[in-house]
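If you read the sequences in order, they're chains A and B.
Using the numbering used here, count along the first sequence one by one with no gaps and you end on 1508.
Using the numbering used here, count along the second sequence one by one with no gaps and you end on 355.
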Amino acid sequence: MSNLLKENLKKQEKDGLSSNAGLNLSNLVFYNSGNATSTLSTTSTTIANAVVNSTSTSNISYSNSDTISDIRGINERLIRNKSNLSNSSSSKYTQSNKIFDNFSLDNLISPVENSDIEYTSDFGNEDNLMKIYNSSIYDYDEDNMSPYNLRKKYGNEDLTSSNWVKHRKHFFILSSAGKPIYSRYGDESKLSSLMGVIQAIISFYDVDNDEICCINTSTHKIVFLLKTPLYLVCVSQTNETEEQLKLQLIYLYNQILFSLTSVQLTKIFHDRVNFDLRNLLSGTEIYMDELSRKFSIDASFLLKAIRSFRIKNELRNSIGELLNTYRPKNILYGILTYNDKLINIIKPKKQNVHPLDIHLIINMISSTSFRSVESWSPICLPKYNSRGFLYAYVCYLNNYKLSDTEDSNSNTNTNLSSESPISPDSSKIMKTDVCLTLLSPDKNAFFELSNCKKKIEMIFNKNDILKNLSKIINKAELDIADFGIPHLRHVIYKSTKYLQFIETKRLPPYDEPSSYRRLLRSYKFLESKIHGYKKNLKFCYMLGKNELSLLWVRDDFELYASFSPFISKTIAYNDLLLIEKWFKKQDNLFITTSQVF
Amino acid sequence: MSGKNLLKAIILGDSGVGKTSLMNQYVNKKFSNQYKATIGADFLTKEVMVDDKLITIQIWDTAGQERFQSLGVAFYRGADCCMLVYDVNNMKSFETLDNWRDEFLVQASPKHPESFPFIVLGNKIDLEESKRQISQKRAMAWCQSKGNIPYFETSAKEAINVEQAFQQIARNALMQEADVPEFNFPPSVSLDAEQKQDQGDCNC
């Protein structure tokens, strides 16, 4: 491994790079922030055949003539595709598999002046993506495995395991001393040599007061997030952009703050820079494992929004009112969720809710087995206040089944219920998937909150709230059929105002995790195009072998949709307008007026 | 301290005294007569049992050449122990031990420099006695004067004392580890305090 470092350090010797641990480091692209001039001189003398991109200026220097011709090729293709939109499944454009590598360069789409730019990208890159998929033997079965089993399966891998390098996305967390803290795959102590190498690479730039951001190779992207005393690194072959991967690292960093608070983290390493943080974080790896997994299969992290539970406004409001009426005196938030969806939230008048905090809370609830117990744990919400702890009371609510005779009721109950009756005596008590979370600043408030939960549970049952919820559980998810568009396959609608989103049920082919990952990847690609583009880009679409995916962005919403790949762009466009109109008419999608106190 | 244990060990000394060979002998049980200068640093990991505890030693084998010294701060940061290596047949490499030790203490700035776990290794004792320039007595006197640093005479080539030296330094480092700072539980959040409003809050 140290060859990698050595080569970096060979400022004067440009005799090429060796490949290590499966990372092919030929044809490197370095992105650096900070001092632009020193960056350029440093990296361009370090790496042969490098494309250097400094984020602080718009200077881009090409030292590789192949790259320039690639870019020209893509420009031509874009223009040609624009004039020949219906026939985009062209196999003659063989350079398309490099499209992702070079797309980040600014001048790529500039020849197209229209503000509502549409472009296709034929799936040469899909082939590339599939190639990457097939080379990774592990990815498919991950979706059905519990985090515990995943760790058991991959936990003993190290640098020498042939399978270890094949994982599509690695996450590493180390201390600024180079000591391992977390690795998504493998035993982090066995990877401590690698952590040393990472620390050395970062230090190499640090000496010049520079900061390394990203290394691009032809197959991998290595993204760094430096939050001294912690360094976070992602090594990915998923074709996600640097920004998207950086956001994922930020989530992992916030997950650590979630368990420790920034005060404690700073103090520990201030007192002892050689501290082994793993001992303090033990037990929380599961949260990081789950986050790492969800980045690829949960749209919340792409949209930076909260997944909302679809429910009639009337019912949502009465739930909010009841929660507010019976809430404990001293709390920050009261949160009611159904699985990973937010039903309602109560909060202080002046206090807003940040989606990132909610994501971390929902990740905590869904990662652990809170189901049968009342749980009480100190947590820190980094966006609310990263300096102190709150205490989270988490408990699933019970449904007292009052009438066993109602057939329809018991049918729907089986949907809602996750467990059989907890004991023969209390056969009328059903555990539900509705979960109540109360956050208090008082570490002694457990019994108060527990009593409060009992009251809320009782009043919910009295008002048939849980019964009503169970009745609509089937309707809570958007159904594609509601839109009456036969070739429509999947829709995500995000309200930019409320930072909430709703997604249609995953019908075939998206009930297959691998297909759904592919769909999310296409959405991620569209998102990076829209938000990475300087001008006011509103529409973006991408035609692949498997689907035609579109993204339409307006000031107040973002609409992602996927259609059959056999329909024309014009039809899809018109359908998109219909879908948007449909959404505008709904009043049951989001929490629009939450209860405040 | 219970749970996981990882020690960061730094190997320092002039170029050519056998730092990489010692590490290689210890981790891979291999020795090569060919000299290949280390550039920057090499990293190796070794798991070892010390007093019934499983310890992972993360070994940072640094370059002896002066042109890599600018990376010192970064490399020495957070080290748990440090091995100073010299060649018993090379007077200069012994004389520079002082510099290496001082440099390390300045750059790593450990909390208790006087009790920081160092160890001194006089390497290449397999060569013929006539070539030897520093006597054991002289080396031990130096170690004594620097606060009783443990001293080992080693041969990476013949695997003499290598295992023992690493065992010793791991044990010494663990004794430092025992001195764990107290963790104050951070204060709870006060709900009344004005919170700074981040961008991107949910308006629900």
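Ideal Cβ placement from N, Cα and C applies to all residues, glycine included.
Keep in mind that this is a model prediction, so the values were computed, not measured.
Counting only beta-carbon atoms, is residue i nearer than 9 Å to chain B?
i, result
"A1111(A)", "yes"
"E1165(A)", "Per the sequence shown, the amino acid found at residue 1165(A) is Asn instead of Glu. N1165(A) does not count as touching chain B."
"V1464(A)", "no"
"D1182(A)", "yes"
"L1347(A)", "no"
"S1277(A)", "no"
"A959(A)", "Model confidence at A959(A) stands at a pLDDT of 29, short of 50, so the residue's coordinates are unreliable and nothing is read from them."
"R1189(A)", "yes"
"I1020(A)", "Because the pLDDT at I1020(A) is just 28, under 50, the model does not fix this residue reliably, and the value given afterwards should be weighed accordingly. It does not; no Cβ of chain B falls within 9 Å."
"F1357(A)", "no"
"F1508(A)", "no"
"Y1295(A)", "yes"
"D1336(A)", "Because the pLDDT at D1336(A) is just 43, under 50, the model does not fix this residue reliably, and the value given afterwards should be weighed accordingly. No - not a single Cβ of chain B is within 9 Å of the one on D1336(A)."
"L1243(A)", "yes"
"W1075(A)", "no"
"V1305(A)", "no"
"I1490(A)", "no"
Can you name the start and end residues of the alpha helix (DSSP H) that residue i belongs to?
i, result
"C1291(A)", "No alpha helix (DSSP H) holds C1291(A); DSSP gives it neither H nor E."
"F1371(A)", "F1357 to K1373"
"F226(B)", "G223 to Y227"
"G1231(A)", "N1224 to T1236"
"K1492(A)", "K1480 to K1496"
"E1196(A)", "E1196 to I1208"
"F1212(A)", "S1211 to L1214"
"I1272(A)", "P1266 to S1278"
"S888(A)", "Residue 888(A) is absent from the structure shown; chain A starts at 912 and stops at 1508."
For residue i, list the residues DSSP reports as bridge partners.
i, result
"S1433(A)", "Paired residues: none, contrary to the question."
"Y1093(A)", "I1084(A)"
"C1578(A)", "Any property of residue 1578(A) remains undetermined from this structure, which presents chain A solely from 912 to 1508."
"V1134(A)", "C1125(A) and C1145(A)"
For residue i, go through chain B and note every residue whose CB falls closer than 8 Å to its CB, in chain order.
i, result
"A1088(A)", "K159, R228, G229 and A230"
"L1234(A)", "Chain B residues near L1234(A): none, gap ~14 Å exceeds 8 Å."
"P1259(A)", "L342"
"L1158(A)", "Correct list: empty, because the minimum Cβ distance to chain B is about 12 Å."
List, in order along the chain, the chain B residues whose C-beta lies closer than 7 Å to that of residue i?
i, result
"N1185(A)", "K159, G229, A230 and D231"
"P1352(A)", "S339, V340, S341 and L342"
"S1229(A)", "By Cβ distance, chain B contributes nothing, its closest Cβ being about 16 Å from S1229(A), past 7 Å."
"N1499(A)", "Correct list: empty, because the minimum Cβ distance to chain B is about 14 Å."
Within the continuous beta strand (DSSP E) that includes residue i, where are the two ends?
i, result
"T171(B)", "Element bounds for T171(B): not the beta strand (DSSP E) but the alpha helix (DSSP H), K170 to N179."
"W1463(A)", "L1459 to V1464"
"E304(B)", "Y302 to E304"
"R1454(A)", "Looking at the sequence shown, residue 1454(A) is not Arg but Leu. F1450 to L1454 is the extent of the beta strand (DSSP E) around L1454(A)."
"S1351(A)", "I1340 to S1351"
"E1423(A)", "Run containing E1423(A): none; DSSP gives neither H nor E here."
"W251(B)", "Taken as a continuous stretch (DSSP letters only), W251(B) belongs to no beta strand (DSSP E), being part of the alpha helix (DSSP H) at L248 to A259."
"T213(B)", "K204 to T213"
"S1406(A)", "L1399 to S1406"
Please list, in chain order, the chain B residues whose beta carbon lies closer than 9 Å to that of residue i.
i, result
"V1118(A)", "S221, L222, V224 and A225"
"F1115(A)", "G191, L222 and A225"
Could you list which residues in chain A have their beta carbon closer than 8 Å to that of residue i, in chain order?
i, result
"S166(B)", "The premise fails here: S166(B) is roughly 15 Å from chain A at the closest Cβ pair, so nothing lies under 8 Å."
Between residue i and residue j, how many whole angstroms is the CB-CB distance? I'm expecting something under 8 Å.
i, j, result
"A1111(A)", "G191(B)", "6 Å"
"F1180(A)", "P1293(A)", "No, F1180(A) and P1293(A) are not in contact; Cβ-Cβ is about 17 Å, not under 8 Å."
"F1220(A)", "I1254(A)", "5 Å"
"A316(B)", "D231(B)", "In fact, because the Cβ distance is near 15 Å, the residues do not count as touching under 8 Å."
"I206(B)", "N156(B)", "5 Å"
"S1351(A)", "N1241(A)", "6 Å"
"E254(B)", "G273(B)", "In fact, because the Cβ distance is near 20 Å, the residues do not count as touching under 8 Å."
"S1433(A)", "T1152(A)", "S1433(A) to T1152(A), Cβ: 13 Å. No contact."
"V1146(A)", "H1081(A)", "4 Å"
"V1345(A)", "L1308(A)", "5 Å"
At a CB-CB cut-off below 9 Å, which residues of chain A make contact with residue i?
i, result
"V201(B)", "Correct list: empty, because the minimum Cβ distance to chain A is about 14 Å."
"Q209(B)", "G1089, K1090, P1091, S1100, S1103, S1104, M1106 and G1107"
Can you check whether the C-beta of residue i is within less than 9 Å of a C-beta belonging to chain A?
i, result
"A290(B)", "no"
"L195(B)", "yes"
"K155(B)", "yes"
"E254(B)", "no"
"E265(B)", "no"
"K170(B)", "no"
"E314(B)", "no"
"K262(B)", "yes"
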